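Q: Below are the structure tokens for one structure; questions will follow.
Protein chains in written order, with our numbering: chain A, 1 to 264; chain B, 1001 to 1264.
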């Protein structure tokens, strides 16, 4: 793994190397040994992107502040990619973080997977994907799954800003699931039935984005040191269907009625 | 919008222009009028990526075939990005499709948002994001939301391959939701209680990926012609919380018990 990273760095040394890479690609010098499909790809599409160890605390701070610009997915990307721009340079300098901001609120506000987890999984994929490996049991899947399980089973948010950018909040809750809808509504209830568009909920999601950014950097740092291994298989391999491990949140007779409480 | 696209095309005309763009960026010629944060970004991170009208049928065929390599998210990316590599070139040639494959199965097999919808929303974001706009009500969010609502309310799959790559299937179902877990299990029941790892389910998801790729291309083509407008607001703006619009699938007393049926 290190060998690949070094050869890649030698090949793409900053923006000059990047330009050289493009030129070499278009001159077809590498094309002889490629499959037809690979001829349509530049080096950037054929190899993982370089990762250097980052500061989890800085990731948290950057993510927290970025939330108030472009929300959850963008926040976590910012905590990680912004640091990689400084530490590595290209291709992170060319990565358009805001072009992924629509994944906020569980994808366009649909309350599916928490947008922070998409913001975590994108750099995980770019850094750890293996061109020849199967997707099942590949590092991006296993690492993403572990972070989702940590998210579902951890009291969040934990991050405390030096000075809250929106408001002070009290509650932290275990979501039981990576689903935005359940995660956010469970927290809103614990905070005292606050509304989705309240300052409290906004502050909570900003802090939670900080937690996910820091956690992702911790995991990627461990991976960079060669010490990472996955903790548990993704749910679809355990339960023989894709699912969220909080079965009784839907499959039980005690699911709450649809809440009607409005926003402040 | 066209003005921006044309100036962008003139600036980044193929891989030579791409290299030039990088060189100009590193020479700092553009840096004088940028905010500090923007100095760390290349042109590719500051502007939407070029889109040219594509064939929905070809998108469907490419997506269907790609499913058997790297599953749902990758499939839809392939149906769109592969064509943009031919029609536009960079930066699509440098876009590593497989680095997003871990979003399969509702994100790492967690059954959250259907992976095809992430594969649809990524190119939507890259093509239609607006650097200065707010994320709320921006095109990427509204377009993604409309496709999610179409997915939730349409009998799928509709795509019929000339020759099935895995097996023949009969059922098509309305998911009622963009959630992979409900979507896939509802179809599996309709097909005759087939298992998740069965050839039937694999064939169904491959065909559904074809449908989502074709639909996304149709929508982006309309947008490219300047005729696109969103159909309906995302759910979080309607219901004042992030949610999936299939409330009674969880919030009712008639939710099915956790299924125990195994796979074949």
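Glycine included, each C-beta is placed from N, C-alpha and C at the ideal position.
Since the model is a prediction, treat every value here as computed from it, not as a measurement.
Could you pull the start and end residues of the alpha helix (DSSP H) that residue 141/A belongs to?
A: 139–153
Q: To the nearest angstrom, how far is the alpha carbon of residue 114/A from that of residue 178/A?
A: Residue 114/A and residue 178/A: Cα-Cα distance of roughly 6 angstroms.
Q: I'd like the list of long-range same chain contacts for residue 1101/B, defined as Cβ closer than 8 angstroms, with 5 residues on each side in sequence excluded.
A: These residues qualify, in order along the chain: 1070, 1071, 1073 and 1074.
Q: Taking the continuous alpha helix (DSSP H) assigned at residue 194/A, which residues delimit it?
A: Unbroken run through residue 194/A: none, as it is neither H nor E.
Q: Spatial neighbours of residue 183/A within its chain, please: C-beta separation below 7 angstroms, excluding the five flanking residues on both sides.
A: 114, 175 and 177
Q: Report the neighbours of residue 1212/B on chain A: residues whose CB is nearer than 9 angstroms to its CB, in chain order.
A: The premise fails here: residue 1212/B is roughly 13 angstroms from chain A at the closest Cβ pair, so nothing lies under 9 angstroms.
Q: Can you look up residue 54/A in the DSSP assignment and give me helix, strand or coil?
A: In the three-state DSSP reduction, residue 54/A falls in the coil class, being neither helix nor strand.
Q: Can a CB atom of chain A be found closer than 9 angstroms to the CB of residue 1074/B?
A: yes
Q: Would a check of beta-carbon distances place residue 112/A closer than 9 angstroms to chain B?
A: Using beta-carbon distances, residue 112/A counts as an interface residue toward chain B, with a partner under 9 angstroms.
Q: Could you check whether the Cβ of residue 165/A sits closer than 9 angstroms to any Cβ belonging to chain B?
A: no
Q: Would you list, in sequence order, the uninterrupted alpha helix (DSSP H) runs of no fewer than 4 residues that lie entirely inside the segment 1084–1146 of chain B?
A: 1115–1128
Q: So the alpha helix (DSSP H) residue 1235/B belongs to, where does it begin and stop?
A: 1235–1239
Q: Between the segment 95–110 of chain A and chain B, which residues of the former have a C-beta closer than 8 angstroms to a C-beta of the latter?
A: Within the segment 95–110 of chain A, the residues whose Cβ lies closer than 8 angstroms to some Cβ of chain B are 95, 96, 97, 98, 99, 100, 101, 102, 103, 104, 105, 106, 107, 108, 109 and 110, listed in chain order.
Q: Given the structure, does residue 173/A come close to the ligand NAP, in the sense that its CB is under 8 angstroms from one of the ligand's heavy atoms?
A: The ligand content of the structure shown is nil, which means the ligand NAP is not present either.
Q: Give the straight-line distance between the Cα atoms of residue 1068/B and residue 1202/B, rounded to the nearest whole angstrom.
A: 8 angstroms
Q: Going by the beta-carbon positions, is the gap between residue 961/B and residue 1156/B smaller than 9 angstroms?
A: This structure does not reach residue 961/B, given that chain B is present from 1001 up to 1264, and the question cannot be answered.
Q: For residue 142/A, which residues of its own chain have a beta-carbon under 6 angstroms away from its beta-carbon, when the five flanking residues on both sides are left out?
A: 230
Q: May I have the straight-line CA-CA distance separating residue 169/A from residue 191/A, to the nearest angstrom?
A: Computed Cα separation, rounded: 8 angstroms.
Q: Under 9 angstroms Cβ-Cβ, which residues of chain B neighbour residue 195/A?
A: Per Cβ cutoff of 9 angstroms: 1240 and 1241.
Q: What does a CB cutoff of less than 7 angstroms around residue 1150/B pick up in its chain, not counting 5 residues either side in sequence?
A: 1215
Q: Measure the C-alpha to C-alpha separation of residue 224/A and residue 1195/B and round it to an integer number of angstroms.
A: 38 angstroms
Q: Would residue 203/A pass as an interface residue toward chain B - the criterion being a Cβ-Cβ separation below 9 angstroms?
A: no
Q: Could one say the Cβ of residue 121/A lies closer than 9 angstroms to chain B's Cβ atoms, at least one of them?
A: By the rule that beta-carbons nearer than 9 angstroms mark a contact, residue 121/A touches chain B.
Q: Please confirm whether residue 180/A and residue 106/A have their CB atoms less than 9 angstroms apart.
A: A distance below 9 angstroms separates the beta carbons of residue 180/A and residue 106/A.
Q: When the Cα atoms are used, what is the spatial distance from residue 232/A to residue 128/A?
A: 18 angstroms
Q: Identify every residue that forms a DSSP beta bridge with residue 1156/B.
A: The secondary-structure analysis by DSSP pairs residue 1156/B across a beta bridge with 1173/B.
Q: With a 10 Å radius around its C-beta and 16 neighbouring C-beta atoms as the bar for buried, classify residue 1252/B as buried or exposed.
A: Answer is exposed; the Cβ neighbour count stays below 16.
Q: Spell out a yes or no on whether the segment 89–100 of chain A and the segment 1038–1047 of chain B are touching, meaning 3 or more CB-CB pairs, one atom from each, closer than 8 angstroms.
A: yes
Q: When burial is assigned at 16 or more other CB atoms within 10 Å of the CB, is residue 1167/B buried or exposed?
A: Residue 1167/B should be labelled exposed.
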